[in-house]
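J.: Have a look at the structure that comes next, please.
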Amino acid sequence: MKRAYKMEINPTDEQKSKIHRTIGVSRFVYNFYIARNKEIYERKGKFISGMDFSKWLNNEYIPNNQEVKWIKEVSSKATKQAIMNGDKAFRDFFKKAKGFPKFKKKKNQDVKAYFPKNNKTDWTLERHRVKIPTLGWVRLKEFGYIPINSVVKSGTVSQKADRYYVSILVEEDDKKVYKSTNEGLGIDLGVKEFAVCSDGSKFKNINKTSTVKKIEKKLKREQRKLSRKYESLKIRNKNIKEGRATGQNIQKQIVKVQKLHQRLTNIRTDYI
Numbered sequence: 001m002k003r004a005y006k007m008e009i010n011p012t013d014e015q016k017s018k019i020h021r022t023i024g025v026s027r028f029v030y031n032f033y034i035a036r037n038k039e040i041y042e043r044k045g046k047f048i049s050g051m052d053f054s055k056w057l058n059n060e061y062i063p064n065n066q067e068v069k070w071i072k073e074v075s076s077k078a079t080k081q082a083i084m085n086g087d088k089a090f091r092d093f094f095k096k097a098k099g100f101p102k103f104k105k106k107k108n109q110d111v112k113a114y115f116p117k118n119n120k121t122d123w124t125l126e127r128h129r130v131k132i133p134t135l136g137w138v139r140l141k142e143f144g145y146i147p148i149n150s151v152v153k154s155g156t157v158s159q160k161a162d163r164y165y166v167s168i169l170v171e172e173d174d175k176k177v178y179k180s181t182n183e184g185l186g187i188d189l190g191v192k193e194f195a196v197c198s199d200g201s202k203f204k205n206i207n208k209t210s211t212v213k214k215i216e217k218k219l220k221r222e223q224r225k226l227s228r229k230y231e232s233l234k235i236r237n238k239n240i241k242e243g244r245a246t247g248q249n250i251q252k253q254i255v256k257v258q259k260l261h262q263r264l265t266n267i268r269t270d271y272i
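Just so you know, we're using UniProt numbering here: the sequence shown kicks off at 1 and counts up by one.
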């Protein structure tokens, strides 16, 4: 039986640097694949597969454009996985399962770094740490959460605000499922109340609590501050591309907004 786990990690500064580099390259390659496909479609009316793009990127584009040789600084398997994620996005679009693939934005932090297994000791689990390929041993913030005898099939590292998380897929022994002798319970999800059960019990809407409202109010205030900083920066420098954060104060403000978003997400997830 396969089961997914996600937990917060506490990497060193050197490990953080490698994570940032891998995430950055993965985002660039993914966006490059999307842009390249749009360009080819407009000229020739067809798309290229992830495998064909990967061959073109490594055999033609990078050798002839030394200014992007930094792509080779991270694992080739990590960049290939980013390309195949783009390939899947296009396939879902063709199946009409999803919309046209969108570019990944740095401020959204929606890119995961794929760290492939290179040898038997990679992705080794211990009670308080995990061995991630190329990063080495990384401490976990939650001890004993994952069974140490689990076999890791794959794993990724992501960042939200200033916090880092590892997501792994493990192979576990099948667990016996016991049939319940209790009567069923009907649950109705609503807007006024989060949930109303058939036995009469009610669960309040977490979004209407004073804590969430206070954080949402603060989030709006910090978002307005961020917008003003962007406008001020564009006025001072007309050459700054819109949406590109270069000022140190803007970067700090972005982290503030991201932290508030993450705090709201954590509150809602814990409540569920």
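Each residue gets a CB set at the ideal place from its N, CA and C atoms; glycine is no exception. The model shown is predicted, which means the values in this text are computed figures rather than measured ones.
From L57 to G155, what distance separates their C-alpha atoms?
T.: So the alpha carbons of these two residues sit roughly 25 angstroms apart.
J.: Put F103 into one of helix, strand or coil per three-state DSSP.
T.: Here F103 sits in coil by DSSP.
J.: Drop a sphere of 10 angstroms on the beta-carbon of L226, count the other beta-carbons inside from all chains shown, and report buried for 16 or more, exposed for fewer.
T.: Result: buried.
J.: Is W137 buried or exposed, if buried means 16 or more other CB atoms sit within 10 Å of its CB?
T.: W137 is exposed by the Cβ-count criterion.
J.: Alpha carbon to alpha carbon, what distance is there between K105 and Q251?
T.: If you take the alpha carbons of Q251 and K105, they lie about 14 angstroms apart.
J.: For M7 and E142, which I take to be in contact (beta-carbon distance under 8 angstroms), what is that distance rounded to the nearest angstrom?
T.: 5 angstroms between Cβ atoms; contact.
J.: Given that a residue counts as buried once 16 or more other Cβ atoms are within 10 Å of its Cβ, and exposed if not, what is K107?
T.: Classification for K107: exposed.
J.: Let me check one thing: in DSSP terms, what residues is F203 bridge-paired to?
T.: Per DSSP, A195.
J.: Measuring only the C-alpha atoms, how far is L185 from N149?
T.: Each residue's Cα considered, the two are about 36 angstroms apart.
J.: If we cut at 7 angstroms on Cβ distances, does F47 have a partner in chain E?
T.: Absent from the structure is chain E; it holds one protein chain and no more.
J.: Take R268 and list the residues in its own chain whose beta-carbon comes closer than 7 angstroms to its own, dropping the five residues that flank it on each side.
T.: The residues are I206.
J.: Cα-Cα, which of D110, S232 and V68 is closest to N85?
T.: Nearest of D110, S232 and V68 to N85, Cα basis: D110.
J.: Buried or exposed: which applies to K27, given that a residue is buried once 16 or more other Cβ atoms fall within 10 Å of its Cβ?
T.: The amino acid occupying residue 27 in the given sequence is Arg; Lys does not appear at that position. Buried, because 16 or more other Cβ atoms sit within 10 Å of the Cβ of R27.
J.: For K117, I'd like the list of residues in its chain whose CB is within less than 7 angstroms of its CB, leaving aside the five on either flank, ordered along the chain.
T.: Excluding residues within five positions, the ones whose Cβ falls inside 7 angstroms are W123 and P133.
J.: Between I62 and K69, how many whole angstroms is the CB-CB distance? I'm expecting something under 8 angstroms.
T.: Right, the Cβ-Cβ distance comes to about 6 angstroms (below 8 angstroms), so this counts as a contact.
J.: Return yes when the Cβ of A161 is within less than 7 angstroms of the Cβ of Q262, no when it is not.
T.: Going by C-beta atoms, Q262 is nearer than 7 angstroms to A161.
J.: Please report the straight-line C-alpha distance between D13 and R91, rounded to a whole angstrom.
T.: In a straight line, the C-alpha of D13 is about 38 angstroms away from that of R91.
J.: Pull up the distance between the alpha-carbon of I235 and that of E60, whole angstroms please.
T.: Their backbone Cα atoms lie some 40 angstroms apart in a straight line.
J.: Quick one: give me the first and last residue of the beta strand (DSSP E) that M1 is part of.
T.: Run containing M1: none; DSSP gives neither H nor E here.
J.: Identify the continuous alpha helix (DSSP H) that holds L233 and give its terminal residues.
T.: Residues S210 to R236.
J.: So if DSSP puts A113 in a beta bridge, which residue, or which two residues, is it bridged to?
T.: Partner(s): V157.
J.: In whole angstroms, give me the CA-to-CA distance for T265 and K44.
T.: Each residue's alpha carbon lies about 43 angstroms from the other.
J.: So, at 8 angstroms on beta carbons, what are the nonlocal neighbours of K2 in its own chain, with the 5 sequence-adjacent residues on each side left out?
T.: For K2, where only same-chain residues beyond five positions count, the Cβ hits under 8 angstroms are K153, L169, V170, E171 and E172.
J.: Out of K131, I254, K102 and V130, which one is the CA nearest neighbour of R228?
T.: Answer by Cα proximity: I254.
J.: Looking at I23: is its Cβ nearer than 7 angstroms to the Cβ of A113?
T.: In this structure, A113 lies closer than 7 angstroms to I23 by Cβ.
J.: For the alpha helix (DSSP H) containing I19, name the first residue and the last one.
T.: Taken as a continuous stretch (DSSP letters only), the alpha helix (DSSP H) holding I19 covers D13 to K44.
J.: Let me make sure I understand the geometry here. Which of V29, K102, N10 and I40 has the alpha-carbon closest to that of T75?
T.: Reading the sequence as shown, one finds Ser at residue 75 and not Thr. Nearest C-alpha to S75: V29.
J.: Could you please give the first and the last residue of the uninterrupted alpha helix (DSSP H) stretch that includes K88?
T.: K88 -> alpha helix (DSSP H) spans S76 to F94.
J.: How far does the alpha helix (DSSP H) with W70 in it reach, from first residue to last?
T.: From DSSP, W70 is part of no alpha helix (DSSP H); its letter is neither H nor E.
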